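In my numbering, the protein residues as written are 2 to 414. Beta carbons are placed, not taken as given, at the ideal position from N, Cα and C, and that holds for glycine. What you are looking at is a predicted structure, and each value in this text was computed from that prediction instead of being measured.
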């Protein structure tokens with residue numbers, strides 16, 4: 002090994018200049034990387050809590066007339082090639098069609114042709130883009146019921162809701178709580194099940210969903226704030242004669258229902274929860290979403306921190322941080338003390354099924370888990386409505402009404 006000697010003075014100064022320059026460059030590169038990660042985290046956090054209009058991300062290739070009626074030709078993707086009944090919204094949501102059976106699927110061409118079961122609004126024959134949805138029916142009248150509109154008093158005004166009355170009403174009402182980025186029509190899929198059990202259904206809107214008054218900050222609370230509007234809905238139901246309620250929640254609506262059952266002043270009058278594709282643990286969901294969007298793990302974790310920490314408010318716009326840890330119901334499994342039915346698909350691409358299954362494993366005395374397959378996010382009913390109905394009805398008969406009856410077939414308009 003060659004020996005090394007201290008540099009002469011001139012050489013020493015040159016060496017120091019290059020060392021400082023190198024150190025500065027390293028710091029600059031590190032700063033750029035850190036800045037990029039911070040910007041990505043900030044964007045991620047802001048997107049999570051900011052309501053957005055739906056993106057028309059599905060091209061409509063053609064609508065053709067066949068002997069059996071209209072059929073639509075769409076790109077073949079993970080949504081459009083799954084059997085079941087769905088919605089196709091178009092013309093920025095002004096148009097709405099119910100889409101049924103697959104008539105042809107040509108993988109090499111990348112197209113799928115499906116039956117158009119009904120057109121509720123708009124002219125699908127002129128549509129060129131739209132979005133796919135599991136919210137099949139637009140109003141109660143599409144199910145054969147009266148469109149009875151009611152207003153629920155909430156902070157900042159009133160929240161519009163639909164009331165679907167049972168023929169032989171029980172003292173227990175069903176309150177339907179939709180998910181993030183959709184509206185109260187999402188809950189219409191459960192109305193037949195509730196009504197057959199004698200439950201009057203209240204399908205509600207809540208802050209920032211485009212129908213109810215916006216919150217002061219205009220941001221999603223991911224369940225931490227929205228539960229207050231559901232408490233207002235429960236109060237409305239009790240004023241109308243309900244003795245207690247069952248809360249039905251889809252996706253973020255599940256997180257809202259769990260929060261209401263935890264902190265509402267009416268929690269003792271909540272008989273049960275029926276949760277479809279629910280958010281059981283927001284940190285798990287946000288980690289999953291960061292991975293899907295190829296956001297580096299450190300940036301994803303920083304995004305969670307920004308949402309849940311007061312220092313992040315300047316980025317997110319939240320008036321109050323969201324306590325994500327308090328909404329981890331896997332960790333809080335022993336604190337779930339009312340009956341909960343979870344219906345969740347193995348193939349849910351948005352909210353991983355794992356926390357739902359784990360919550361049931363940790364608390365089998367109160368939590369029942371029904372695993373579905375092939376269904377995408379909150380589309381368990383769409384893929385298998387008969388099973389969704391029978392599982393839910395039988396469970397409610399047992400857990401809420403204290404009786405067991407033979408399974409009845411799902412009636413459909």
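Setting aside the 5 residues that flank it on each side, residue 396 is surrounded in the same chain by 342 and 369, each with a C-beta closer than 7 Å to its C-beta; the list follows chain order. For residue 369, the secondary structure class from DSSP, reduced to helix, strand or coil, is strand.
Contact between residue 86 and residue 113 is ruled out by a C-beta separation of about 15 Å, above the 8 Å threshold. Under DSSP, residue 87 forms a beta bridge with 100. The beta carbons of residue 357 and residue 345 sit closer together than 7 Å. Excluding its 5 nearest sequence neighbours in each direction, residue 363 has C-beta neighbours in its own chain below 8 Å: 331, 334 and 335, listed in chain order.
Taking a cut-off of 8 Å for Cβ pairs, the segment 270–284 and the segment 241–258 touch, as three or more such pairs fall below it. Nearest neighbour of residue 190 by Cα position, chosen from 339, 207, 169 and 135, turns out to be 135.
The three-state reading of DSSP puts residue 240 in helix, counting H, G and I together.
By the criterion of at least three beta-carbon pairs nearer than 8 Å, the segment 304–321 is not in contact with the segment 252–266. For residue 129, the number of other beta carbons within 10 angstroms of its own is below 16, and it is reported as exposed.
At a cut-off of 4 residues, the continuous stretches assigned as alpha helix (DSSP H) that sit fully inside the segment 136–200 are 192–197.
The three-state secondary structure of residue 388, taken from DSSP, is helix. Under the 10 Å beta carbon count, residue 223 is surrounded by 16 or more other beta carbons and is classified as buried.
Put simply, of 185, 229, 207 and 394 the residue whose alpha carbon is nearest the alpha carbon of residue 195 is 394. Bounds of any beta strand (DSSP E) do not take in residue 359; it lies within the alpha helix (DSSP H) bounded by 355–363.
Excluding sequence positions up to five before and after residue 139, its CB lies within less than 6 Å of the CB of 97, 121 and 186, all in the same chain and listed in chain order.
Judged by their CB atoms, residue 107 and residue 317 are not nearer to each other than the 7 Å cut-off.
Rounded to whole angstroms, the Cβ separation of residue 233 and residue 161 is 13 Å, and the two are not in contact under 8 Å. Counting the other CB atoms within 10 Å of its CB gives residue 365 a total below 16, which places it among the exposed residues.
Residues 307 and 316 of the same chain have their beta carbon placed closer than 7 Å to that of residue 43, with the five preceding and five following residues left out of the count. With contacts defined as CB atoms closer than 7 Å, residue 256 and residue 286 fail to qualify as a contacting pair.
Contact between residue 164 and residue 198 does not hold, since the beta-carbon distance rounds to 16 Å and is not under 8 Å.
Residue 278 has no beta-bridge partner at all, per DSSP. Less than 7 Å divides the Cβ of residue 352 from the Cβ of residue 278. By the criterion of a C-beta distance shorter than 6 Å, residue 146 is surrounded in its chain by 165, once the five residues flanking it on both sides are discounted.
Rounded to the nearest angstrom, the gap between the Cα atoms of residue 100 and residue 69 is 14 Å. Per DSSP, the unbroken beta strand (DSSP E) holding residue 133 starts and ends at 130–134. Going by C-alpha positions, residue 288 is about 28 Å away from residue 338.
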